[in-house]
Each structure stands twice: as structure tokens, then as C-alpha cells.
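Enquirer: Reading the sequence shown from the start, the letters are residues 34 to 339 in my numbering.
Glycine included, every Cβ here is placed at the ideal spot set by N, Cα and C.
Just so you know, these numbers come straight off a predicted model, no measurement behind them.
Pasting a structure below so you can have a look.
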Amino acid sequence: MALFSVIALISFWVLIYSSDYWTVIGLVVFLSIFYTPIQPLQDAYAYETVSTLGLNYGPMRSWGSIAFVVATLIGGWYLTFGEPAELLFLTVGSLGLLALLAVLLPGMPSESRSSSKESVWAAEELRDPQFLLVVLSGGLLLGSFSALYAFASIFWLSVGISDAMVGGLWAIGTLAEIGIFVWGSFFMRHLGAWGLMVTGGVASIIRWVLFPYATETWSAVLLQLLHAGSFGMVFLGMVAYTSKLVSSKRLGTAQGLTQTAFGVVMGVSGIASGWLYAIEQAYAFYLMAGICCVGVLTLMLVTKRV
């Protein structure tokens, strides 16, 4: 994690001073190779720590969402007088801090326990159909956010919601997500990982079907509160599910697979939603609802319900 953070830091630093199109493209591709695995490595480390020390994952993860809100506010404040490109220096600084903290962390317990040189791809647990169904459903449910990230702000502005309120809507969604993480143990106890993902999936379907009709501030606020389910519950359930189905020494690879599934769905659905949004705004969000329907139906095929 520290190594990837340092490489990503250097890549971002070089990117700041690059202006040639193909140089930028090459740097972005190179950056993605080392930047993308950081989050699954963090999740794997966090969840092994949770299972080893008996900690509560939800409140720990909530600090990531809180940091997102703080960083967004700092970025918005900086843009009132600074240049957008200069925000990359804040990213560089954050990656430097991450690298330092990663070096200070103790090693994962599974690293000292594992002496096997077996390829991770030879592990039956990573080829277990039940695990792969969870990965697929999680990828579909989380990947459905492509239209939200690409077009939500544009849509809200087009229906007359003010610039300031658009920022507020994003903050409301993140605060709802934080609430789920803080009370994660309560929901996990009563719903389980499978129940969390299904509940979040249903919330996603409702959210995307109604999204084109939320043209007033109050209705947009209500739908943003569903972010607690459509992201918070799905993410928390998927991470917990993965930790139950896969041993500690495979968690890093398992989390990487979930991120890959999420990224593939996000990329493909993002392109498709762009085409549909150009035809009719609502169609892009209906596509997201359809993807979530497939995700929930995929979960119904999972028999190992934890």
C-alpha cells in the first residue's frame, strides 16, 4: 500500500506539469495501475484487523466518508480563488500522508501466517460460484452509480436547483452513507450481509426509477437520503460478505476482484448512459435501475447467506 501510494504520488506530480495529450493519457493509464488497488488493499487490511481484534468496521469506514466531505469542502473553498489544476497538489499531499501512515502500520497477521507459495488464482475459494455471484451482484449494484456521477449535477441544474443546493445534495448523500457506517453493526446484526445488499439493491432501484421525477429540492433531498442504502448498505454488505467467504490471506485479491467488477460495470454503463442521456435524460437512470434489478436477482441465486 505504501509503495503504490508513492508511485501514485509521483505520477500525479508529473501529471501536473504535463500538457501533451498522449503523455497525459499514458500517465493516467500508468497511474490507474497503481492507484486503483489502494482501496481494496485498505479494505482487506481493515477487515482483517476487524476480525483479528474484534473491532467494528462501520465506524472505521465512516471516517473515509467524513474525509471525503472535508476534502470536498476544502476543494470548493480553494476554487473560489485558486486554479482547478492546483488541486492536484492536495492529492499529492494526501497520497504522501497515506504512504507515511501505511509504513507505520503493522503487517497483516495473515502475512506472517502464510508460508504457501500457491498462486492466488489456484485457490478454490476465489473460484467458488457463491463468491463470484456476490462479486457480480456487488459490481452491478455499485456500478449503477455511473449515471449519478456523470449527470446528476447537470440534471439538477437543468431543473432549476441552485448551484449551492447541488453541492448540498452531494453532501446529504454522503452524510446518509456515514449514518449507515456508524450504525453498521446494528444493521449487520439484524439483516446480515446478504440482507444488507438486497435492501440496498431495492433502495437503488427505487432511487433510479424516481430520479428523473425529483425536480424539486425536497424530492431530490429525499432521494439522496436513499444513498444510505444504495451505497452504504451495499458496500458494507459486500465487504462483510467477502470476509466471510474468503480467508484472510486472500482478502486483498478478493477485494481487488470486487473493485474490478465495479469498475467494469461503471465503465460500460457510463458509456451507455451517456448515449441514453443524449436521447432522453430519464433513460440513463432507467438503465441504472435495470442494472440494479439484475444485481438483486443475482443475489437471489446466492445460497450461502451470511
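Going by alpha carbons, who is nearest to leucine 134 out of Leu269, Met34 and Ser280?
Expert: Among Leu269, Met34 and Ser280, the Cα nearest to that of leucine 134 belongs to Met34.
Enquirer: Would you tell me roughly how many angstroms separate the C-alpha atoms of serine 148 and lysine 282, rounded to the nearest one?
Expert: With a pLDDT of only 46 at serine 148, under the threshold of 50, the placement of this residue in the model should not be trusted, and no figure is reported.
Enquirer: Excluding the 5 residues flanking valine 199 on each side, which residues of the same chain have their C-beta closer than 7 Å to its C-beta?
Expert: Around valine 199: Ser186, Trp189 and Leu190.
Enquirer: So, does the stretch 263–272 touch the stretch 234–253, judging by three or more C-beta pairs under 8 Å?
Expert: Yes, since at least three Cβ pairs between the stretch 263–272 and the stretch 234–253 fall closer than 8 Å, the two stretches touch.
Enquirer: Can you give me the Cβ contacts of histidine 260 inside the same chain, cut-off strictly under 7 Å, excluding the 5 residues immediately before and after it?
Expert: Same-chain partners within the cutoff: Gly206, Ala209 and Glu210.
Enquirer: Do the CB positions of alanine 180 and phenylalanine 295 come within less than 7 Å of each other?
Expert: Their beta carbons are not under 7 Å apart, which means alanine 180 does not touch phenylalanine 295 by this criterion.
Enquirer: Below 7 Å between beta carbons: does that hold for phenylalanine 37 and isoleucine 58?
Expert: No, the Cβ-Cβ distance between phenylalanine 37 and isoleucine 58 is not below 7 Å.
Enquirer: Among residues of its own chain, excluding the 5 on either side of leucine 173, which ones have a beta-carbon nearer than 6 Å to its beta-carbon?
Expert: Closer than 6 Å at Cβ, skipping near neighbours: Val298, Ile324, Val327 and Gly328.
Enquirer: How would you call glycine 213, buried or exposed, if buried means at least 16 neighbouring beta carbons within 10 angstroms?
Expert: Checking the displayed sequence, the identity of residue 213 turns out to be isoleucine instead of glycine. Per the 10 Å Cβ criterion, buried.
Enquirer: Going by beta carbon distance, what residues of the same chain come within less than 6 Å of isoleucine 40, once the five residues before and after it are set aside?
Expert: The residues are Phe67.
Enquirer: Do you know offhand how far phenylalanine 101's Cα is from alanine 79's?
Expert: Cα-Cα distance, rounded: 18 Å.
Enquirer: Compute the Euclidean distance between the alpha carbons of proline 117 and glutamate 158, then round it to the nearest angstrom.
Expert: Answer to the nearest angstrom: the Cα atoms are 45 Å apart.
Enquirer: If leucine 169 sits next to threonine 331, beta carbons under 8 Å apart, how far is it from one beta carbon to the other, in whole angstroms?
Expert: 5 Å between Cβ atoms; contact.
Enquirer: Below 6 Å CB to CB, which residues in the same chain sit around glycine 171 once its five sequence neighbours on both sides are set aside?
Expert: Excluding sequence neighbours, glycine 171 sits near Met271 and Thr291.
Enquirer: Using the rule of at least 16 other Cβ atoms within 10 Å of the residue's Cβ for burial, across every protein chain shown, is valine 167 buried or exposed?
Expert: Per the 10 Å Cβ criterion, buried.
Enquirer: Output yes or no for whether 7 Å exceeds the beta carbon distance between tyrosine 310 and phenylalanine 184.
Expert: Closer than 7 Å, so yes.
Enquirer: With DSSP run on the structure shown, which of helix, strand or coil describes glutamate 157?
Expert: Three-state result, glutamate 157: helix.
Enquirer: Secondary structure at arginine 338, three-state DSSP: helix, strand or coil?
Expert: The answer is coil: DSSP assigns arginine 338 none of H, G, I, E or B.
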